[in-house]
Structures are given as structure tokens and as C-alpha cells.
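In the numbering used here, the protein residues as written are 186 to 417. A quick write-up on the structure given underneath.
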Amino acid sequence: MRNTIEFKVYGDYALFTDPLTKLGGEKMSYQIPTYQAIKGIVESIYWKPTILIVVDAIRIMHPIKMEAKGMRPIEYGGGNSLAHYTYLRDVCYHVRAHFEFNENRPDLVFDRNEGKHYAIMKRSLEAGGRRDIFLGARECQGYVEPIDFDSGDSFYDGADLHFGTMVHGFDYPDETGRDELAVRLWNPVMKDGVIAFPRPETCSLVKTVKVMAAKPFDASNITGVEELYEQL
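Shown next as C-alpha cells:
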């Protein structure tokens, strides 16, 4: 597809937090990144409310390794406490994703120029992203660079793994057209090192979290793609 990007994202540590482990103040990472985490990385490369990022697949390149660290998180009431966070260590993923126009934002039709959005996205990827890249948590710095999705050898070539039920991502009002925030669950399966993500609207395990309205955008509070393209 003309609007597809493929890249490598890597870092020393990652923390794709399993929400079940946050209740007692401890955090443990999922073994693999969630759809939402990868989508957030793509949006750090380039995002505008005019477009929707769709993550097609990831390829797990390095063996899954974990490391626990003693942390002192700041408490809401002040001070801090001792906790243990379990991180993924030495991570590297190949990602394939594409963008589509957000049909739930007719107010942004003026900003639809596929060619220029794609050109800006490719340039942003080559520059390492328009915003800092984080691997699930602020303290886990990541780095991106263009690469062919199928290049190189994955540690899991020839292996099939199941990861049980985990978070897929969130449904936001401006992406669904519904005035609610919902969370999606799914059961990922890795085949030959590759995890193919279902599209968000095809996930059957969906739970409404709360009522929420979409954030308004128009020509007064975003930079149009034509102007942004000329700036870059």
C-alpha cells in the first residue's frame, strides 16, 4: 500500500504494563507489546487527527527476557514508596503499519492529502520521529529507523507461541464516533516470530470504561498538511 511504513523500534528496556499487576503498586510487563503501545509509537513518528493509524503486524526479533528493578514511585499523597517493576530487556521489533483517513472527522476533510501525509510520515521516520519514542513507559527510551519488515532473522523463526488474554487497545470517541472510551481484549498468537493484529473494529471482547466526548479540531488549532509539508 502507498501509505504503509515499515520500521525497526528497539531499546534497552520496555514496560508494556499488564494492568492486573498495577493494583498493588507493582508493575510487570506483558511479554509482547500491545497494539495500543505500537500505535502510540507510530503516532510519535507522525500523527494528526485527520488520519487513523492501523498497525498490521509486528515481528519479535530478540528473545523475550525480563529484569526486575527496585523503584521508588511517587505516591499521590506525597512522598514515595518502594516497589518492584519487571521490565522487558533488550527489545527489538519490526513493525508494519499504515494510515487511513478518519471518517469520523468530517470537520477535517480540508486536511486530507494522502500523498503529503505519507511524505511527511516517511521523512519523520527517517529523522527518528517527531516526538520522543517510549517503549510503554516514560523511563524506557526507544529508537526507530526504517527497515524492511522481513529483513534479518527473528529469534522465533519457526516457533509458534500463545500469550493468553491481554489488552489490545482503547476505542477513543474521535476514532469510533461513539461518545465513550472502551478497552479491547484479545488472544495473540505468534507464528514464525510474527504477530498479526486484528483491526480494532473486529475485536469481540470490548468493555466500556466511561463516557467521553471527542476533542474538537479545526483549522484554528491544527496546522494543515499543506502548510506542514512546506515547513518540512
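Even for Gly, the Cβ is constructed at its ideal location relative to N, Cα and C.
Q) DSSP three-state call for LYS307: helix, strand or coil? A) helix
**Q.** Span of the alpha helix (DSSP H), counted from its first residue to its last, around GLU216
**A.** Correcting the residue identity first, residue 216 is Gln in this sequence and not Glu. First-last for GLN216: undefined, no H or E at that position.
Q: Sort VAL294, ALA268, CYS388 and ALA222 by Cα distance to ALA199 and report the nearest one.
A: ALA222
Q.
Which complete beta strand (DSSP E) runs does the stretch 265-307 hold, if anything under 3 residues is left out?
A. 268-286
Q: Determine the DSSP secondary structure at THR387, reduced to helix, strand or coil.
A: helix
Q: Report the three-state DSSP secondary structure of THR189 (helix, strand or coil).
A: strand
Q: Using only alpha-carbon positions, find the residue among GLY409, PRO358 and VAL379 that is nearest to GLU386.
A: PRO358
Q | 7 Å CB neighbourhood of ARG281 in its chain, flanking five on each side removed | A | THR189, GLU191, ASP241, ALA242 and PHE334
Q | Status (buried if at least 16 other CB within 10 Å, exposed otherwise) for THR350 | A | exposed
**Q.** Inter-residue spacing [alpha-carbon to alpha-carbon] between ASP364 and GLU288
**A.** 15 Å
Q: Identify which residue in HIS247, SER266 and GLY262 has its Cα closest to the Cα of GLY255.
A: SER266
Q. Three or more C-beta pairs closer than 8 Å, one from the stretch 244-254 and one from the stretch 371-390: is that the case here?
A. yes
Q: Can you tell me which of the three DSSP states ILE230 falls into?
A: helix
Q | Nearest residue (CA-CA) to GLN416, options ASP317, HIS347, ASP345 and HIS302 | A | HIS302
Q: Using the DSSP secondary-structure output, state which residues sit across from ILE245 in a beta bridge.
A: TYR278
Q | CB of VAL396 within 8 Å of CB of ALA367, strictly | A | no
Q) Is the beta carbon of MET213 less than 8 Å from the beta carbon of ASP197? A) no
Q) Looking only at C-alpha atoms, which of TYR278, LEU205, ALA253 and ASN406 sits nearest to HIS269? A) ALA253
Q) Taking contact to mean at least 3 C-beta pairs separated by less than 8 Å, is the stretch 305-321 in contact with the stretch 204-211? A) no
**Q.** Per-residue burial, PHE382 [other beta carbons within 10 Å of its own, 16 or more giving buried]
**A.** buried
Q | Alpha carbon of GLY409 to alpha carbon of ALA344, nearest angstrom | A | 45 Å
Q. From GLY313 to VAL227, what distance separates their C-alpha atoms?
A. 11 Å
(Q) On the criterion of 16 or more Cβ atoms from any shown chain inside 10 Å, does PRO331 qualify as buried, or is it exposed? (A) exposed
Q.
With distance defined between alpha-carbon atoms, name the residue in ASP356, ILE407 and LEU413 nearest to ALA399.
A. ASP356
**Q.** Span of the beta strand (DSSP E), counted from its first residue to its last, around ASP356
**A.** 351-356
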